[in-house]
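K.L.:
Residue numbers (the working numbering): 37 to 341.
In structure tokens, the structure reads:
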């Protein structure tokens, strides 16, 4: 089945037909990966359509751009308005948002000066890792591809070029028949999934890898930490050896696209009982409760469309 695209997109200050949002084949970003972006979701809530942590996502976009010396030509408020406008124009309530800023057509060298182009796309998205993933969990494997070492590529920036690593991790896992891949850091300790952060549960305590493990410290990851602690669940950030994946009572992946996805098997070894455990289920209740009204939004995370 052919991909069905939305009708409208926002690019460089205006809403235009999706088909007209083009970039030159010699754009800097196409050749060198010089883009920064965000993945954001809007949800249907009892109060109407709301974008989840829009301000925090856009703040990270500007920080990623700062690392790469990209001066965005629009303010954060202007991009927030663009996100809302493109959702409304396409008639969406629940949707995925993709703001992206990239070096466009200019000079041809690595350090060449180019214009910074900006776009915001949106489209409907269900569970990223499959329609049954949230309920039944997925299988995963530790892939042969490791994350980049510190002081090589900044893992803390959500940059387009970083996701070449994620592609290798994800494609190897799928080729081997797994739902998703897990990568180790350059020191051989646990890092993250292809495009998701990881949590392991031991005796009711949540453990997650630190920023020093070459991870993108995700906004969903932060949400889980806040919700867990609010609910009385202890959260520990620490270095985690690979074999602890096989010893954990529960393992879950999280991210804007993946939301909170249980992992039922890793490298052919069953995780816990082979299904989502008590802590994972509770975190799903708290997380999705933000959108159905069962979890009070004390933090102002839901921003109306």
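Every residue, glycine too, gets a C-beta built ideally from N, C-alpha and C.
1. Is the beta carbon of residue 281 sitting closer than 9 Å to the one on residue 260?
2. Below 6 Å CB to CB, which residues in the same chain sit around residue 129 once its five sequence neighbours on both sides are set aside?
3. Beta-carbon separation of residue 308 and residue 279 under 9 Å?
4. Please name the residue in 88, 131, 252 and 200 whose C-alpha comes closest to that of residue 340.
5. Looking at residue 254 and residue 232, is the spacing between their C-beta atoms short of 9 Å?
6. What residue range does the beta strand (DSSP E) around residue 276 cover?
7. Pull up the distance between the alpha-carbon of residue 92 and that of residue 133, whole angstroms please.
8. Taking the C-alpha atoms as reference points, what is the distance between residue 70 and residue 197?
9. What does DSSP give as the partner residues of residue 44 in its beta bridges?
10. Since residue 126 is in the alpha helix (DSSP H), which residue starts that stretch and which ends it?
11. Rounded to whole angstroms, what is the Cα-Cα separation between residue 157 and residue 90?
12. Where does residue 199 sit, in a helix, a strand or coil, going by DSSP?
P.N.:
Well, looking at it:
1. Note that the C-beta distance between residue 281 and residue 260 is not below 9 Å.
2. Around residue 129: 80 and 85.
3. Their beta carbons are not under 9 Å apart, which means residue 308 does not touch residue 279 by this criterion.
4. Taking only the C-alpha atoms, the option nearest residue 340 is 88.
5. Yes, the pair counts as a contact, with Cβ atoms nearer than the cut-off.
6. Unbroken run through residue 276: none, as it is neither H nor E.
7. About 14 Å.
8. Residue 70 and residue 197 have their C-alpha atoms spaced approximately 7 Å apart.
9. Per DSSP, 53.
10. 112–126 is the extent of the alpha helix (DSSP H) around residue 126.
11. The alpha-carbon atoms of residue 157 and residue 90 are separated by roughly 14 Å.
12. Reduced to three states, the DSSP call for residue 199 is helix.
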